[in-house]
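Each remark here refers to the structure printed beneath this line.
In this note's numbering, the protein residues as written are 1 to 278.
Here's what the structure looks like:
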């Protein structure tokens, strides 16, 4: 897997991975910024990620994105990590040094905040935010959300113990309340972020409609370029002020990874539009 002369090679690593839009995204970034890179999707074995990664590094891979189910395992393999990766407990971006050392970063939360704030015009400062779910996807974005200084964050999850553990891990970064879905009450939130995997099965978490008010913005961290996700569709039926999926987050986290590797921040708007078919 030696890269072509003068061309650095990157990859997104996951299992499964055939559905990934990352090669298309990074090809557009490279073309627009004049960077000579190759970027491919590689499915690695679930039971032997470490050996497979070491082999790729030996073969000259310059860096990688990491997706499910390897983000935590990759974090553990890193020789150094950015502050945001340490806080997230997972990495989605790897940089490989000439001596084989692995540096890890996490650009997921950066991508979410940048999409909300810069692309969609959704302010997080002094906003009351409801986050649905307490898994790895939510852990990866909580730090950057808290850094925006919201008025408050509530995490709702089926398993309260898991949500409480997550809140405790971020206690030094900001205050987070934990509630069961049935405890959410009648008070609407400014922003509702769905970080559950329910949408992958075309389902929604058991959140009461009362959390949606006339000015509530809803955001689903998963995406679908062909139709509305289940959560976005539900939010629209509850008359949310706006409802967005996570395609912009995907592109923005990729752009930040590209910057980490190449020192160049690509324009994201044209890529998001192209993926939407615009």
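Yeah, the Cβ is synthetic: ideal placement off N, Cα and C, and Gly gets one too. This one's a predicted model, so the numbers in the text were calculated from it and none came from an experiment.
Give me the Cα-Cα distance between residue i and residue j, rounded to the nearest whole angstrom.
i, j, result
"residue 267", "residue 114", "12 Å"
"residue 252", "residue 112", "7 Å"
"residue 7", "residue 124", "40 Å"
"residue 274", "residue 12", "20 Å"
"residue 18", "residue 69", "14 Å"
"residue 14", "residue 36", "24 Å"
"residue 231", "residue 257", "27 Å"
"residue 88", "residue 236", "31 Å"
"residue 277", "residue 247", "12 Å"
"residue 209", "residue 178", "18 Å"
"residue 31", "residue 234", "37 Å"
"residue 107", "residue 182", "32 Å"
"residue 250", "residue 225", "12 Å"
"residue 143", "residue 73", "20 Å"
"residue 103", "residue 262", "14 Å"
"residue 272", "residue 48", "34 Å"
"residue 189", "residue 50", "42 Å"
"residue 174", "residue 243", "26 Å"
"residue 169", "residue 116", "24 Å"
"residue 167", "residue 154", "9 Å"
"residue 81", "residue 75", "8 Å"
Is the CB-CB distance between residue i and residue j below 8 Å?
i, j, result
"residue 217", "residue 191", "yes"
"residue 92", "residue 66", "yes"
"residue 109", "residue 128", "no"
"residue 140", "residue 90", "yes"
"residue 194", "residue 205", "yes"
"residue 63", "residue 29", "no"
"residue 26", "residue 254", "yes"
"residue 20", "residue 52", "no"
"residue 77", "residue 10", "no"
"residue 149", "residue 126", "yes"
"residue 245", "residue 220", "yes"
"residue 238", "residue 212", "yes"
"residue 105", "residue 260", "yes"
"residue 163", "residue 198", "no"
Around the C-beta of residue i, are 16 or more other C-beta atoms found within 10 angstroms, so that it is buried, or is it exposed?
i, result
"residue 156", "buried"
"residue 94", "buried"
"residue 1", "At residue 1, the pLDDT of 45 sits below 50, so the modelled position is not reliable and the matter cannot be decided from this model."
"residue 45", "exposed"
"residue 265", "exposed"
"residue 55", "exposed"
"residue 159", "exposed"
"residue 200", "exposed"
"residue 270", "exposed"
"residue 58", "exposed"
"residue 180", "exposed"
"residue 34", "exposed"
"residue 171", "exposed"
"residue 161", "exposed"
"residue 137", "buried"
Write down the C-beta distance between residue i and residue j rounded to the nearest angstrom, noting that I regard them as a contact closer than 8 Å.
i, j, result
"residue 229", "residue 222", "6 Å"
"residue 23", "residue 43", "Actually they are not in contact, since the Cβ atoms of residue 23 and residue 43 sit about 13 Å apart, beyond 8 Å."
"residue 101", "residue 79", "5 Å"
Shorter than 7 Å, the distance from the beta carbon of residue i to the closest heavy atom of the ligand FAD, or not?
i, result
"residue 236", "As presented, the structure is devoid of all ligands, the ligand FAD included, so that no description of it is given."
Enumerated in chain order, which unbroken segments of the alpha helix (DSSP H) with a length of 4 residues or greater are wholly contained in the stretch 213-249? 230-237
Uninterrupted alpha helix (DSSP H) stretches inside the stretch 112-177 (no shorter than 4 residues): 136-147 and 160-169
Of all the alpha helix (DSSP H) runs that stay within the bounds of the stretch 38-87, which reach a length of 4 or more residues? As far as the stretch 38-87 is concerned, its whole alpha helix (DSSP H) runs of at least 4 residues are 49-58 and 71-77.
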